[in-house]
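To convert, take the position in the sequence shown, counting from 1, and add 1279; that gives the numbering used here.
Built from N, CA and C at the ideal position, the CB exists for glycine as well.
On a predicted model such as this, the values are computed, not experimentally measured, just so you know.
In what follows, a single structure is set out as structure tokens and then discussed.
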Amino acid sequence: MYDIHDCKHNKPCESHTVGFCIICALDNLFMYLVNYTSIALFAYKFVRYITIFSTSFTPFKQKDAHEFLLGVLNSLEMKFNDVISSICKPDQIINPAKSFFQCFVIHSLTCPACQHTSIQSEPCYG
């Protein structure tokens, strides 16, 4: 969460002022948690714009938490890619969604006739 708070993203940005920005929304929630003073925690921005995370989400309807988390991570990854590509060099990219949650699945297939092995890896959130 500190990566989100410390990133070079103007907070609140124009997108967040007009509608919704995942970086600004998570930063607001994080700052409320860090500076907790018995004030109620409001996540209304997430509820109001929940269809951004997945078209299957409907406000105030129950869904799986892992589907919501994957939607948040995908939105965060896309937003950080947009922000970082405009201000950083490729070797400086730090994307919190990738650095904390991304892993790789390795697929291995071996031909029984010639014993040739094909290995492929693909990123996923785990």
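### Query
Which whole-angstrom value describes the C-beta separation of E1401 and F1383, a residue pair presumed to lie in contact below a C-beta threshold of 8 angstroms?
7 angstroms
### As assigned by DSSP and simplified to three states, the class of T1389
strand
### Query
Looking only at C-alpha atoms, which of K1340, F1339, T1337 and I1331 sits nearest to L1349?
I1331
### Query
Does DSSP classify S1333 as helix, strand or coil?
coil
### Query
If you check the beta carbons only, do C1300 and K1358 fall under 8 angstroms apart?
yes
### Task
Report the three-state DSSP secondary structure of Y1311 (helix, strand or coil).
helix
### Message
Using the Cβ count rule (16 or more neighbours within 10 Å means buried), how would you classify L1352?
### Response
buried
#### Entry: Contact set for L1388: own chain, Cβ-Cβ below 6 angstroms, skip 5 residues either direction
S1397
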